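Each protein sequence line maps, in turn, to chains A and B.
For the first sequence, the numbering used here assigns the number 170 to the initial residue and increments by one for each residue that follows.
For the second sequence, the numbering used here assigns the number 161 to the initial residue and increments by one for each residue that follows.
For every residue, glycine included, the Cβ atom is placed at its ideal position computed from N, Cα and C.
Small disclaimer: the values here were computed from a predicted structure and weren't measured.
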Amino acid sequence: MRDRVLYNLVLFVLLIVACAILLGDLTDGQEARTIVNIGLNAMLLFGVFIAIFVGVGLVSKEIDKRTVFSMFAKPVGRGEFIVGKYIGLCLTLLVNVLIMGVGVSLALLYVGGRGLAGSIWGAVMLIFFELAIVTSIAILFSSFSSPALSALLTFSVFLIGHLSSSLRELAATLGSKLAVIFFEGVYYVLPNLANYSFRTEAANAMVPNAPMIMGGAVYAAVYVTIVLTVAILIFSRRDFK
Amino acid sequence: MKKDAIIASIVIVCGFAGVFLLSSYLETNRISVPESYADEDLSLQGKKLKGYALGAEGLVADWYWMRALQYIGDKVVKKGIESLNIDDMTELNPRLLYQMLDNATELDPKLMAAFSYGATVLPAIDPQQAIKLTEKGIAANPNEWRLLQYLGYIHWKLKDYEKAGEVYDRGAAIPGAPPFFRMMAARIRTESGSRDLAREIYKQSIAEAPDEQTKTVSEIRLMELDSMDERDAIDAALDEFRVQTGTCVKKWSDILPLLAKIDLPHNRKLRVNNADEIVDPAGFPYLIDAATCKAMLSPDTKIPLR
Numbered sequence: 170m171r172d173r174v175l176y177n178l179v180l181f182v183l184l185i186v187a188c189a190i191l192l193g194d195l196t197d198g199q200e201a202r203t204i205v206n207i208g209l210n211a212m213l214l215f216g217v218f219i220a221i222f223v224g225v226g227l228v229s230k231e232i233d234k235r236t237v238f239s240m241f242a243k244p245v246g247r248g249e250f251i252v253g254k255y256i257g258l259c260l261t262l263l264v265n266v267l268i269m270g271v272g273v274s275l276a277l278l279y280v281g282g283r284g285l286a287g288s289i290w291g292a293v294m295l296i297f298f299e300l301a302i303v304t305s306i307a308i309l310f311s312s313f314s315s316p317a318l319s320a321l322l323t324f325s326v327f328l329i330g331h332l333s334s335s336l337r338e339l340a341a342t343l344g345s346k347l348a349v350i351f352f353e354g355v356y357y358v359l360p361n362l363a364n365y366s367f368r369t370e371a372a373n374a375m376v377p378n379a380p381m382i383m384g385g386a387v388y389a390a391v392y393v394t395i396v397l398t399v400a401i402l403i404f405s406r407r408d409f410k
Numbered sequence: 161m162k163k164d165a166i167i168a169s170i171v172i173v174c175g176f177a178g179v180f181l182l183s184s185y186l187e188t189n190r191i192s193v194p195e196s197y198a199d200e201d202l203s204l205q206g207k208k209l210k211g212y213a214l215g216a217e218g219l220v221a222d223w224y225w226m227r228a229l230q231y232i233g234d235k236v237v238k239k240g241i242e243s244l245n246i247d248d249m250t251e252l253n254p255r256l257l258y259q260m261l262d263n264a265t266e267l268d269p270k271l272m273a274a275f276s277y278g279a280t281v282l283p284a285i286d287p288q289q290a291i292k293l294t295e296k297g298i299a300a301n302p303n304e305w306r307l308l309q310y311l312g313y314i315h316w317k318l319k320d321y322e323k324a325g326e327v328y329d330r331g332a333a334i335p336g337a338p339p340f341f342r343m344m345a346a347r348i349r350t351e352s353g354s355r356d357l358a359r360e361i362y363k364q365s366i367a368e369a370p371d372e373q374t375k376t377v378s379e380i381r382l383m384e385l386d387s388m389d390e391r392d393a394i395d396a397a398l399d400e401f402r403v404q405t406g407t408c409v410k411k412w413s414d415i416l417p418l419l420a421k422i423d424l425p426h427n428r429k430l431r432v433n434n435a436d437e438i439v440d441p442a443g444f445p446y447l448i449d450a451a452t453c454k455a456m457l458s459p460d461t462k463i464p465l466r
C-alpha cells in the first residue's frame, strides 16, 4: 500500500466501465465476450506490471535505504526476509486480482452476460498463478541485480515464458537439431506461462478443467519454490557493505 | 512568482489554441490517397500471431472483428451511398472484409459472430469467400448447427438448391439441431425458389441471429418478400384500373377502394399513410411507373431495389 499499488484498480474500473458502456455498438451485441477479453488481458497486464515494478523494488529498496540492517538485527533470517516479501506481494496481487475479477463480473452482469460472469473465475485463478510465478522471478533478479535490469530481465522471462511452447513447436519444424535442443532447454528451464493462458477460451464461456487448475497450481508452487530457493541462496551470500 | 504563473498560463492557452488551429489545418490539407492505398493500413497477417500473442489471441480476434464491422460502414460513409444494395456490395470494393474475418476466426475459431457476419454479408461480395469462411467454421465447430444453417442459406441464395438441401441434411444429423433442418432439406428440394420457403428461411435466421447485423439483414429480406407480394397485388389492381378506364392511375387515392379489398398472403393488408399513399413494409410510399403502369419502390427505401 505504501507504493500505492492498488491505484491501478481505479484505472481498471474506468476501463471496464467504458467497455461496458461503449462496446455495445462497436461489437454488434457481442460486448460480453469483448469485456472478458479486455478485462482478463488488462488484469494480467496490470498484475505483471505490479509484480515486476513492485517486486524488483522490494529487496533493493531495503538495501538502498539501509533498513535491511535493522531488520537483520532482529531474529529474521535472509530466507525468511525473501519469503516474507514474496508472500506479501502475492497477497497484494491476490486482492488486486479478486477486485478486478469482481469488476469484470459486474460489468458482464450489466451487459447481460450472466453466464460469463461466473465462468471467468477459472481463468482469473490461472492469471493469479501466473502472477505468482512472475513475482518470484522479479524477486530472484532483484536479489542480485539493479532494479532497472531486474525489471527488464523479468519482463523478458514473462515474454519468453509465453512463447516457449510455440518456439519449441517452431524449432521442431525447422529441422535444426541445435535449435530443437536450445528451445527444449528454454521450454523446461523457463516457466511455461502458456499453461495459464485461458483468456480467449474464457471469452467463449469455456471453463478450465480440474487437472488444468490443479496441475497449474502445483506447477506454480514447484516453480516458485525453485526460484525462491535460488533467490535465497544468492541473497544469503550477498555482502551489503 | 505570480508573473511567472501568468506567463505560463498564457503560453499554455496560446499553445493549445495553436494546436487546435494546426490540427484543423493538417486535417483539411491531408493528401487524399487512393482508396486501395487507404485499405493497406491494416496488418492482414494478424492470424500469424496465433501462438505468439501471449495468450491474448481472443483480444486480437475481437479487434479484427470490430474492424470488420466498421469496415463496411466506413466504406458506405466515404462513398456517400444513401441506400446500400445488400445483394451486391462490390461497388464498395470491400476487398479486405474476408481477410479481417479470416484473421478474427483464425485467432479465435469459436468467434461465432464473425462467421455469422461473414455468412450474411460476404455473399453480396464474393459468395465463394462466404462458403470458404463458413466451411472453415464448420470444421472448427462441428457441433454448431447454426453454421450449417448459414451455409445452407448461402447455397440457397446461389440457387444451388441441391447443395443447400445436402447442407440442411448435414445440419439435421447434428445432435441437438432443431427439427426445422429436416423439414428445410425437404422443402428446398421440392419448392426451391418459392417465396414462402424464403420467408421461412429468413424467419429462422431472425430467430437464431446471434448479432444485430444478421437480424437486420434478414428483416430487410423479409420486408423485400412482403413488398414483392404487395407489388404483385398492386400491379394486378393497376391493370384492372387500366382495362376499365383506358388510362394509368395518376395517384394512389384513385384506386384506394380497389386496393382496400386486396387480401395479401399471410392475412396481411396493404398499408396507407396519412397522405393516402400506399407504403412499402419499410414505410416509404410506392411510386407508379408511368411508362409501365406498375408499382415501384421509392429510391429512399431500405428495401433492395431490383
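Residue 278 of chain A carries a helical assignment under DSSP once its states are collapsed to helix, strand and coil.
For residue 455 of chain B, the enclosing beta strand (DSSP E) has its first and last residue at 454 to 456. For a Cβ distance threshold of 7 Å, residue set 219 of chain B lies close to residue 207 of chain A, ordered along the chain.
Its chain contains 373, 374 and 377 as the residues whose beta carbon lies nearer than 7 Å to that of residue 280 of chain B, once the 5 sequence neighbours on both sides are disregarded; these appear in chain order. In terms of Cα proximity to residue 325 of chain A, the closest of A:341, A:296 and A:355 is A:355.
Here the stretch 282 to 297 of chain B makes contact with the stretch 309 to 328 of chain B; the two share three or more CB pairs at distances below 8 Å. Against chain A, a Cβ distance below 9 Å from residue 205 of chain B picks out nothing, because the smallest value is about 16 Å. When B:353, B:335 and B:331 are compared, the shortest CA-CA separation from residue 343 of chain B is found for B:331.
In this chain, the beta strand (DSSP E) harbouring residue 447 of chain B covers 447 to 449.
When C-alpha distances from residue 217 of chain B are compared across B:182, B:265 and B:285, the shortest belongs to B:265. Here the alpha carbons of residue 260 of chain B and residue 253 of chain B stand approximately 14 Å from one another.
Residue contact with chain A for residue 372 of chain B: present (Cβ-Cβ distance below 8 Å to some residue of chain A).
Leaving aside the five residues that flank residue 289 of chain A on each side, the residues in its chain whose CB is nearer than 8 Å to its CB run, in chain order, 205, 208, 209, 270, 273, 274, 277 and 371. Taking one beta carbon from each stretch, the stretch 296 to 310 of chain A and the stretch 254 to 261 of chain A have 3 or more pairs nearer than 8 Å; the two touch. Contact of residue 216 of chain B with chain A is assigned, a C-beta pair being separated by under 8 Å. By the criterion of a C-beta distance shorter than 7 Å, residue 221 of chain B is surrounded in its chain by 264, 267, 268 and 271, once the five residues flanking it on both sides are discounted. A direct Cα-to-Cα measurement between residue 243 of chain A and residue 313 of chain A gives close to 22 Å. Annotated as distal: residue 186 of chain B and residue 228 of chain B, with beta-carbon spacing of 8 Å or more. For residue 404 of chain A against residue 247 of chain A, the beta-carbon gap comes to about 5 Å, under 8 Å, which counts as contact. The alpha-carbon separation between residue 283 of chain A and residue 213 of chain A amounts to approximately 22 Å. In the structure shown, residue 202 of chain A falls within a helical segment according to DSSP collapsed to helix, strand and coil.
Around the beta-carbon of residue 180 of chain B, fewer than 16 other beta-carbon atoms lie within 10 Å, marking it exposed.
The beta carbon of residue 418 of chain B is closer than 8 Å to those of 397, 400 and 401 in its chain, skipping five residues each way along the sequence. Around the beta carbon of residue 174 of chain B, a 10 Å sphere encloses fewer than 16 other beta carbons of the protein chains shown; the residue is thus reported as exposed.
Taking a cut-off of 8 Å for Cβ pairs, the stretch 316 to 324 of chain A and the stretch 383 to 392 of chain A do not touch, as fewer than three such pairs fall below it.
For residue 359 of chain B, the CB contacts under 7 Å within the same chain, skipping 5 residues up- and downstream, are 382 and 385 in chain order. Contacts with chain B at 8 Å (Cβ-Cβ) include residue 366 of chain A. In this structure, DSSP gives residue 463 of chain B a state outside helix and strand, which the three-state scheme calls coil. Uninterrupted alpha helix (DSSP H) stretches at least 4 residues long and entirely within the stretch 365 to 441 of chain B occur at 372 to 405 and 416 to 420, given in chain order. Taking residue 197 of chain A as reference, the option from B:353, B:276, B:238 and B:167 with the minimal CA-CA separation is B:276. Ranked by Cα distance from residue 247 of chain B, the first of B:282, B:448 and B:309 is B:282. At a cut-off of 8 Å between beta-carbon atoms, residue 270 of chain B makes contact with chain A.
Residue range 290 to 311 is occupied by the alpha helix (DSSP H) that includes residue 297 of chain A. For residue 227 of chain B, the uninterrupted alpha helix (DSSP H) run begins and ends at 217 to 239, by DSSP. Contact between residue 409 of chain B and residue 448 of chain B holds: CB atoms are separated by about 6 Å, below the 8 Å threshold.
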